[in-house]
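Contents: one structure, followed by commentary.
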Amino acid sequence: MRIQLTDVERTDGKMCADHLDLAVRLLREVGAVILENAVPLEILREAQAAYSEIIRRGMIRKARHVVQMPFLHHQFITNPFSLQVIEAAMGKKIALFRCGIHNIPPDVDGKQIEKAPHRDGNHLFPELQCVLPVTGIYVDIPLVDFLAENGATKIWPGSHLIMDSPPEDVRYLGERSKHLPAVQAVMPLGSLILRDMRLWHVGMPNKTDTHRPMLDIGYGRVLPHTGERLRVSEEIKQHWSEAAKKLLRTG
Ligand SMILES: O=C(O)CCC(=O)C(=O)O
Numbered sequence: 002m003r004i005q006l007t008d009v010e011r012t013d014g015k016m017c018a019d020h021l022d023l024a025v026r027l028l029r030e031v032g033a034v035i036l037e038n039a040v041p042l043e044i045l046r047e048a049q050a051a052y053s054e055i056i057r058r059g060m061i062r063k064a065r066h067v068v069q070m071p072f073l074h075h076q077f078i079t080n081p082f083s084l085q086v087i088e089a090a091m092g093k094k095i096a097l098f099r100c101g102i103h104n105i106p107p108d109v110d111g112k113q114i115e116k117a118p119h120r121d122g123n124h125l126f127p128e129l130q131c132v133l134p135v136t137g138i139y140v141d142i143p144l145v146d147f148l149a150e151n152g153a154t155k156i157w158p159g160s161h162l163i164m165d166s167p168p169e170d171v172r173y174l175g176e177r178s179k180h181l182p183a184v185q186a187v188m189p190l191g192s193l194i195l196r197d198m199r200l201w202h203v204g205m206p207n208k209t210d211t212h213r214p215m216l217d218i219g220y221g222r223v224l225p226h227t228g229e230r231l232r233v234s235e236e237i238k239q240h241w242s243e244a245a246k247k248l249l250r251t252g
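The working numbering applies: residue 2 is where the sequence shown begins, and numbers increase by one.
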């Protein structure tokens, strides 16, 4: 599930056809693909410095959502290689819906334990036994080398294709995951990983004495009608039943 981009691809800002095909295939079949040498080190150093300042100011929780430079640099948000894969997998109509940082601080008191995995987004129709194409992809960009020791994300290959049956079983991934093979997404600085949002994953304990931050960027396929709602005045709504009001929900 790993592709090393070549110097030619980096100079062209474009993956060759074979690499692109492989990346799309891995995303479809494994649920994730790692692209090494995809992010220039200079901008990563800038982001590291900015994040060190966030740590120094004790703002880690707030940085779980960051809408500021350098984290919104085009080499992150519109990274040419991740966009190539995203557009090949979900089409050209895509939208950015999240930018944040997931950090795992050093486990100073030895209390970090492995948590249960989760999906970042569920199947579009969890009640059907039918896996649809991907409609949401997360691009995770480590701001340090990702190692087994510092808590590289653990993923369950193929788990994006698992339907939860009954659908409520999505709440019990921890128990279910114990029976399935998993790997840690170990990768050097300069890499990124594209994840189908349905893939089971979890950040692992950090056994080193340095922080393990990663940029987490979410893209979704724009689906017709999903944002459209009838505009109804508050005056009318106050006479509506709860069932009627529910028809205007956005989440
Ligand atoms: O920090 C990590 O490695 C995983 C973060 C995570 O769970 C997520 O992106 O939803």
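Even glycine gets a Cβ: it sits at the ideal position worked out from N, Cα and C.
Glutamate 169 versus valine 132 - alpha carbon distance: Between the C-alpha atoms of glutamate 169 and valine 132 there is a straight-line separation of about 16 Å.
Cβ-Cβ distance between lysine 116 and valine 203 below 7 Å: Their beta carbons are under 7 Å apart, which means lysine 116 touches valine 203 by this criterion.
With 16 other Cβ atoms within 10 Å as the buried cut-off, status of glutamate 10: Here glutamate 10 is buried: its Cβ has 16 or more other Cβ atoms, across all protein chains shown, within 10 Å.
Taking the C-alpha atoms as reference points, what is the distance between leucine 23 and arginine 199? The alpha-carbon separation between leucine 23 and arginine 199 amounts to approximately 20 Å.
Taking a contact to mean a Cβ-Cβ separation below 7 Å, would you say isoleucine 56 touches serine 192 in this structure? In this structure, serine 192 does not lie closer than 7 Å to isoleucine 56 by Cβ.
So the candidates are Arg222, Leu174 and Pro158; which of them puts its Cα closest to the Cα of histidine 119? Residue Leu174 is the option with its Cα nearest to histidine 119.
Glycine 204: CB within 6 Å of a non-hydrogen atom of ligand 1: Within the cutoff, so yes.
Looking at the unbroken alpha helix (DSSP H) that takes in leucine 172, where does it start and where does it end? Position check: residue 172 holds arginine in this sequence, whereas leucine was assumed. Arginine 172 -> no alpha helix (DSSP H), and no H or E assigned at all.
Can you tell me which of the three DSSP states aspartate 141 falls into? Aspartate 141 falls in the strand class under three-state DSSP.
With H, G and I counted as helix, E and B as strand and the rest as coil, what does DSSP make of glutamate 37? Correct three-state label for glutamate 37: strand.
List the DSSP bridge partners of methionine 215. By DSSP's assignment, methionine 215 forms a beta bridge with His103 and Pro143.
Take tryptophan 201 as the anchor and find which of Tyr139, Trp241, Met16 and Ser83 has the nearest alpha-carbon. Nearest option by C-alpha distance: Tyr139.
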